[in-house]
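One line per chain: the protein sequences are X and V, in this order. Numbering-wise, the working numbering comes out as the position in the first sequence, counting from 1, plus 868. Numbering-wise, the working numbering comes out as the position in the second sequence, counting from 1, plus 868. Here's the structure, in structure tokens; my notes come after.
Number of protein chains: 2
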Amino acid sequence: MSRSSAPLAERRHLVENLRAIAELSPDDEKALLDLPLRARDLAADTDIVREGDRPTDCCVVLTGFLCRYRVTAGGKRQIMSFHVPGEIPDLQSLYLKVMDHNLGTLAPSRVALVAHEAVLETIRLHPRIGAAFWRATLIDAAIFREWTVSLGRRSAHGRIAHLICELGMRFGAIKMADNNTFPMPMTQSELGDAMGLSAVHVNRTLMELRSEELIDWRNGVMTILDWDRLKATAEFDPTYLHRDQAPVTR
Amino acid sequence: MSRSSAPLAERRHLVENLRAIAELSPDDEKALLDLPLRARDLAADTDIVREGDRPTDCCVVLTGFLCRYRVTAGGKRQIMSFHVPGEIPDLQSLYLKVMDHNLGTLAPSRVALVAHEAVLETIRLHPRIGAAFWRATLIDAAIFREWTVSLGRRSAHGRIAHLICELGMRFGAIKMADNNTFPMPMTQSELGDAMGLSAVHVNRTLMELRSEELIDWRNGVMTILDWDRLKATAEFDPTYLHRDQAPVTR
DNA sequence: CGCCTATTTGATCTGATTCAAACAATGTGG
DNA sequence: CCACATTGTTTGAATCAGATCAAATAGGCG
């Protein structure tokens, strides 16, 4: 693990992400960029906080790919969310003191730690940022609900297609999905842990999606070859990401 | 549907629920009880808000039992949460303008509508209530995560046992779980829609739980006969409900 | 090259679904 | 008060989506 400050470009993803869901003044944006942060470089499969911890910092994803997960008594893992750069996966720790799940990297990642106190002070001084953060956690919850629908009522085919659509949109929000190509740096087994499927079945399902020429996925890079048909098989409706309802700034 | 104001006893569930998760001053409690509300009596299976709606009110459960749900293109229903008296199932509509799911009753219920404007004004005047509401939505999200674990990685047995434990605790918070007996006014088919199971399989699983003498469920009333063994089969860990971490008031 | 991890393929098994029908409880109208 | 409709629960049998077990292949990398 190495330490350093984060280049502006990396820190801007936070602003981009929030601006995709809320209205921010130039002053708000400056306050976000000025947050006092300590950057950390982490290898893949490194835990950042664990179940039972009482974190004193929030964690902003600068680069890479994180997930939240739990391991059951039987040793099975359930991944409950993925996190792209600019997101704050443990914002809830501001108000929920004890972690009820783990947060870790899936790929080599750089994260920024920000003290709870600094975040709370920023919210106090900039109420619009507080509202944006609340909105961000509510969208988080909307994504959990959507996953509930996937795990409860969609086929393996539909689940995986739906997740790919979702990640495409989320990378799009931070301008990291050119030509429908974006990072998806996880193993098939990890994809199974997220979608409630075995690694073997994930593999077979992916083979189908590939042979239908809906997607291409190699070396951790996903390309959506036919967005319309993928969206159709996934029954993907992006309403739950609540992107378009924020007043358009700029 | 009939209109009337709500008796104090019904309105107090809201205070009980929030006090179980956050610290409130007597002044805060008074502000909550003074919220201007319009009570409505609703039959079972009545929608309150629907996907795509842009509600202008929040809805407080006074009596009865609500759920949030979505229906897939294939006509399958997924229930994503249940709501007991004193909860505000659509608090998120304060910040997420378009509903991405439906909210409706499962049993005959009385709900109170409170204008968004009134809620926002109360939050403005009583920041501690705002924090409590934020905390409540974060606990909502924690429950969604727990359901993700259930649907993704637990057996039918485990899922149903886990849900029963959860509802027992949530009714306990509003003093409605005497002798481990509390309302569970839904059909087996609705339980299946929540846990991602068919009605037939729910039935067989319930027969097992009954023959193991873990539960008794009749006429919409659930009794947990052996909490320890039920908890064990469910692998139930109540951390995710974040009850004990609030400073204990009174 | 040789090691390690990830992907792919095959064979078999099983938890849960689906279809179908009986049964119970409750309510409704004549 | 009974006939009958309606809705929910229970049971049986057949089927299937996805899990599990096992082994072969393919990459990536020190």
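Heads up, the beta-carbon is just placed ideally off N, CA and C, and yes, glycines get one too.
For residue i, three-class secondary structure by DSSP
i               : result
A1000 (chain X) : helix
D1084 (chain X) : strand
F1050 (chain X) : strand
M1044 (chain V) : coil
D902 (chain V)  : coil
L1065 (chain X) : coil
D1105 (chain X) : coil
D915 (chain X)  : strand
A888 (chain X)  : coil
D925 (chain X)  : strand
S893 (chain X)  : coil
G1060 (chain V) : helix
V1116 (chain V) : Residue placement at V1116 (chain V) is flagged as unreliable, the pLDDT there being 41, under the threshold of 50; a coordinate-derived value is accordingly withheld.
Supposed close pair residue i, residue j - CB separation, criterion 8 angstroms
i               : j               : result
G1064 (chain X) : L1019 (chain X) : 5 angstroms
A899 (chain X)  : T990 (chain X)  : 6 angstroms
D968 (chain X)  : A1045 (chain V) : About 22 angstroms separates the two Cβ atoms, so there is no contact after all.
T1005 (chain V) : T940 (chain X)  : Not a contact, Cβ separation roughly 26 angstroms.
V987 (chain V)  : L964 (chain V)  : Contact doesn't hold; Cβ gap of about 14 angstroms is too wide.
R938 (chain X)  : V1017 (chain V) : 6 angstroms
P976 (chain X)  : G932 (chain X)  : 6 angstroms
V952 (chain V)  : V929 (chain V)  : 7 angstroms
R887 (chain X)  : K944 (chain V)  : That belief does not hold up - the Cβ atoms of R887 (chain X) and K944 (chain V) are roughly 36 angstroms apart, past 8 angstroms.
L901 (chain V)  : R879 (chain V)  : 6 angstroms
E897 (chain V)  : A1041 (chain V) : E897 (chain V) to A1041 (chain V), Cβ: 16 angstroms. No contact.
I1007 (chain V) : L1109 (chain V) : 7 angstroms
V966 (chain X)  : T1049 (chain V) : Contact flag wrong, Cβ pair sits at about 29 angstroms.
L959 (chain V)  : F1001 (chain V) : 6 angstroms
L934 (chain V)  : P957 (chain V)  : 6 angstroms
Identity of the residues DSSP links to residue i by a beta bridge
i               : result
M1075 (chain V) : Answer by DSSP bridge pairing: none, since M1075 (chain V) is not bridged.
V883 (chain X)  : According to DSSP, which records beta bridges pairwise, V883 (chain X) is partnered with nothing at all.
L934 (chain X)  : X:H951 and X:T973
D1096 (chain V) : DSSP output for D1096 (chain V) lists no bridge partner at all.
P1091 (chain V) : Going by the sequence as given, residue 1091 (chain V) is Thr instead of Pro. In DSSP, T1091 (chain V) forms a bridge with V:T1049 and V:D1084.
Exercise. What are the start and end residues of each continuous beta strand (DSSP E) run of 3 or more residues lying completely inside the region 937–996 of chain V, in chain order?
Worked result: 945–951, 970–973 and 977–983
Exercise. How do the region 988–1004 of chain V and the region 1031–1048 of chain V stand: do at least 3 beta-carbon pairs fall below 8 angstroms, yes or no?
Worked result: no
Exercise. Does the region 1021–1036 of chain X come close enough to the region 910–925 of chain X to have 3 or more Cβ pairs within less than 8 angstroms?
Worked result: no
Problem set entry | Inter-stretch contact (C-beta, 8 angstroms, three-pair minimum) for the region 898–917 of chain X and the region 973–983 of chain V | no
For this session: Return the chain-ordered ranges of every alpha helix (DSSP H) run that is complete within the region 1003–1045 of chain X and spans a minimum of 4 residues.
Result: 1024–1041
Exercise. Is it true that the region 1069–1089 of chain X meets the region 1049–1061 of chain X, where meeting means three or more beta-carbon pairs spaced less than 8 angstroms apart?
Worked result: yes
Exercise. Per the contact definition of three or more C-beta pairs closer than 8 angstroms, is the region 1078–1096 of chain X in contact with the region 1012–1032 of chain X?
Worked result: yes
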